[in-house]
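Notes follow once the structure below has been shown.
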Amino acid sequence: MPDTTVEAAGPGGAPASALDPFGDDFLRDPFAFHTQLREAGPVVWLERYGVWAMARYAEVHDALRNWATYSSAAGVGLSDFRKEKPWRPPSLLLEADPPEHSRARKAVARAMSPRTIAALREDFAREADSLAAELLARGTVDGVTEIAEAYPLRVFPRAVGITQDCREQLLAYGNMAFNAFGPRNQLQADSMAQVQGVAAWIAAHCAREALAPGGLGDRIYASADEGTVTEDEAALLVRSLLTAGVDTTVIGLGCALDCLARDGAQWQLLRGDLSLAGAAFEETLRYASPVQTFFRTTTREVEVDGITIGAGEKVLLFLAAANRDPRRWTDPDRFDIRRRAVGHVGFGYGIHACVGAAFARLEGRGAAAGARAPRGIPGTSGRAAPPPQQHAQRLRLPAAHAPDTRVRPAAGAARPQARHHRWPRSGST
Ligand code: HEM
751 MPDTTVEAAG PGGAPASALD PFGDDFLRDP FAFHTQLREA GPVVWLERYG
801 VWAMARYAEV HDALRNWATY SSAAGVGLSD FRKEKPWRPP SLLLEADPPE
851 HSRARKAVAR AMSPRTIAAL REDFAREADS LAAELLARGT VDGVTEIAEA
901 YPLRVFPRAV GITQDCREQL LAYGNMAFNA FGPRNQLQAD SMAQVQGVAA
951 WIAAHCAREA LAPGGLGDRI YASADEGTVT EDEAALLVRS LLTAGVDTTV
1001 IGLGCALDCL ARDGAQWQLL RGDLSLAGAA FEETLRYASP VQTFFRTTTR
1051 EVEVDGITIG AGEKVLLFLA AANRDPRRWT DPDRFDIRRR AVGHVGFGYG
1101 IHACVGAAFA RLEGRGAAAG ARAPRGIPGT SGRAAPPPQQ HAQRLRLPAA
1151 HAPDTRVRPA AGAARPQARH HRWPRSGST
């Protein structure tokens, strides 16, 4: 066990903790550590990195809302862009403050308007039905690779306007980009090493000529045509979609399957009432928080419950801990798809709240459509296993501890050999 002592030894008498939120123990099972941080106080000094942590809902929510004090422009990872060169040109959205952020956000929000999303609905549903039919015909399937990964990779690139097979590139790039938010540890080095050449591939596929007409990427370039963003900015905005749009939903769907595999009663509930699909995905975002944390940097001295945080300091916001704060949620450690999870910060909150949320929700509901298939999917098999391992923002299931998320077809359907589920990029941890 790591040293988990929480004592009043931080700046100004703040509670301090020796916990390493990027360490293996923490990542393997973060939720007990989240409780410690929440109970230590509204703001806690993390000695190891010399940064602040907020793990309670009220403070996390407040910081997300108050972008003028809690800035994103110095990066939303541990690295401080004012002191270190970012590993790539910063995101115009995620790593920017108004007014620059507002202009960029407008271009992306326009490209992903409710009308555009509504137009994708049918395509997503059709793709889900077709995937479900294929899987049912095959029999026992690997829920993570064959649903959580396969489905977003079928619908997302096409929606953006990428027509090539891009599975490896998008998965590797997302993996690296999210790991880059953490410290320079082995995990980060490994994911950087895996991605040689992929950054160039991504850049090439953000260019206007690489994108099919009518897709989300092309629609972002429409803002360049109107002069509200430059051509170079449009390319970086397409890059934002490619960075944030795959890994997140793969993990989100993986988490949903994982939660349902562990709790047969909830799965049966969903099977019995498919109108709960949206709520089940929302509860997954609250309960499992596929994106666990993001940093902010203070622009001024700020007082939080009597503790002074200086200007220019990094603050790690534990979205996942906020999503299970008993001060905000009843029975927070219970996965309950009938819960009204409204208000969770799984998609963030405020000006940086996930711009792809509607898209992700469409995928979340779409994936549940598998249960609509003629014979239906009668159940998942789950077995007791240690909770998923998490790194910084992303959740992964190490192969050795992976819960069994195989999905079985209904009686009468073909049953080929069961194949063991293996979480894809666990080798890189
Ligand atoms: C389950 C899936 C997803 C989760 C859990 C998720 C989570 C988040 C969170 C927590 C933020 C807030 C970041 C912050 O406050 O600093 C965010 C922002 C963002 N997300 Fe997502 N996301 C998901 C899917 C997507 C998809 C599908 C796309 C693109 C199609 C996307 C694109 C973005 C972008 C571009 C931002 C930056 C927005 C800004 O800074 O204004 N996300 N996401």
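Quick note, my numbering runs 750 ahead of the 1-based positions in the sequence shown.
Beta carbons: idealized from backbone N, C-alpha and C, even for Gly.
Note that the coordinates shown come from a computational prediction; the quantities given were computed from them, not determined experimentally.
Nearest neighbour of Ile1020, chosen from Arg1089, Ala1061 and Ala1072 [CA to CA] | Position check: residue 1020 holds Leu in this sequence, whereas Ile was assumed. If we check each option's Cα against that of Leu1020, Arg1089 comes out closest.
If you draw a straight line from the C-alpha of Ala764 to the C-alpha of Thr913, how long is it?
-> Between Ala764 and Thr913, the C-alpha separation is close to 53 Å.
Report the option in Ala943, Val910 and Arg917 whose CA atom is closest to the CA atom of Asp968.
-> Asp968 has its Cα closest to that of Val910, out of Ala943, Val910 and Arg917.
Count the CB pairs spanning the region 1060-1067 and the region 1100-1119 that are closer than 8 Å, and state whether there are at least three.
-> Judged by Cβ distances under 8 Å, the region 1060-1067 makes no contact with the region 1100-1119, as fewer than three pairs qualify.
Ala857 and Glu983: beta carbons closer than 9 Å?
-> In this structure, Glu983 lies closer than 9 Å to Ala857 by Cβ.
Taking Cβ to Cβ, would you say Ile952 is nearer than 9 Å to Tyr923?
-> Cβ atoms of Ile952 and Tyr923: closer than 9 Å.
Count the other CB atoms within 10 Å of the CB of Arg1036; is the residue buried (16 or more) or exposed (fewer)?
-> Residue burial is scored here from C-beta neighbours: Arg1036 has at least 16 other C-beta atoms within 10 angstroms and is therefore classed as buried.
Could you pull out every residue in the same chain whose Cβ sits closer than 8 Å to the Cβ of Arg815, ignoring the five residues on either side in sequence?
-> Cβ within range, chain order: Tyr1099 and Gly1100.
State yes or no: is the C-beta of His811 nearer than 8 Å to some heavy atom of ligand 1?
-> Answer for His811: no, Cβ out of range of ligand 1.
In the DSSP assignment, what are the bridge partners of Glu1053?
-> In DSSP, Glu1053 forms a bridge with Thr1058.
CA-CA distance, Ala1123 and Arg888?
-> At Ala1123 the pLDDT is 46, less than 50, meaning the model places this residue with poor confidence; the figure from the coordinates comes in the next sentence. If you take the alpha carbons of Ala1123 and Arg888, they lie about 14 Å apart.
Provide the residue span of the alpha helix (DSSP H) that contains Leu1067, from first to last.
-> Run containing Leu1067: none in the alpha helix (DSSP H); it sits in the beta strand (DSSP E), Lys1064 to Phe1068.
Would the beta-carbon of Arg855 be found less than 8 Å away from any heavy atom of ligand 1?
-> Indeed, a heavy atom of ligand 1 lies less than 8 Å from the Cβ.
Neighbourhood of His851 by C-beta, 7 Å cutoff - its chain only, sequence neighbours within 5 removed | Excluding residues within five positions, the ones whose Cβ falls inside 7 Å are Leu843 and Ile1101.
If Thr1043 sits next to Thr819, beta carbons under 8 Å apart, how far is it from one beta carbon to the other, in whole angstroms?
-> At roughly 18 Å, the Cβ-Cβ gap does not stay under 8 Å, so Thr1043 and Thr819 are not in contact.
Spell out a yes or no on whether the region 774-787 and the region 1066-1080 are touching, meaning 3 or more CB-CB pairs, one atom from each, closer than 8 Å.
-> Remark: three or more beta-carbon pairs, one from each stretch, lie closer than 8 Å, so the region 774-787 and the region 1066-1080 are flagged as touching.
List the residues that DSSP assigns as beta-bridge partners of Thr1047.
-> Its beta-bridge partners are Ser821 and Lys1064.
For my contact list, Leu1003 and Ala898 are in at a C-beta cut-off of 8 Å; report their separation, rounded to the angstrom.
-> Between the beta-carbon of Leu1003 and that of Ala898 there is about 4 Å, and that keeps the pair under the 8 Å contact cut.
Using a threshold of 8 Å, is the CB atom of Ala1103 nearer than that to any non-hydrogen atom of ligand 1?
-> Yes, the beta carbon of Ala1103 sits closer than 8 Å to at least one heavy atom of ligand 1.
Can you say whether Arg1156 is buried or exposed, counting buried as having 16 or more other CB atoms within 10 angstroms of its CB?
-> In this prediction, Arg1156 has a pLDDT of 47, which is less than 50 and means its spatial position is unreliable; what the coordinates show is noted afterwards. With 16 or more other Cβ atoms within 10 Å, it is buried.
Residue range of the beta strand (DSSP E) that Ala766 falls in?
-> Segment Pro765 to Ser767, the beta strand (DSSP E) holding Ala766.
Neighbour-count burial assignment, Ala859, 16 or more Cβ in a 10 Å radius | By the neighbour-count rule (16 or more Cβ atoms within 10 Å), Ala859 is not buried but exposed.
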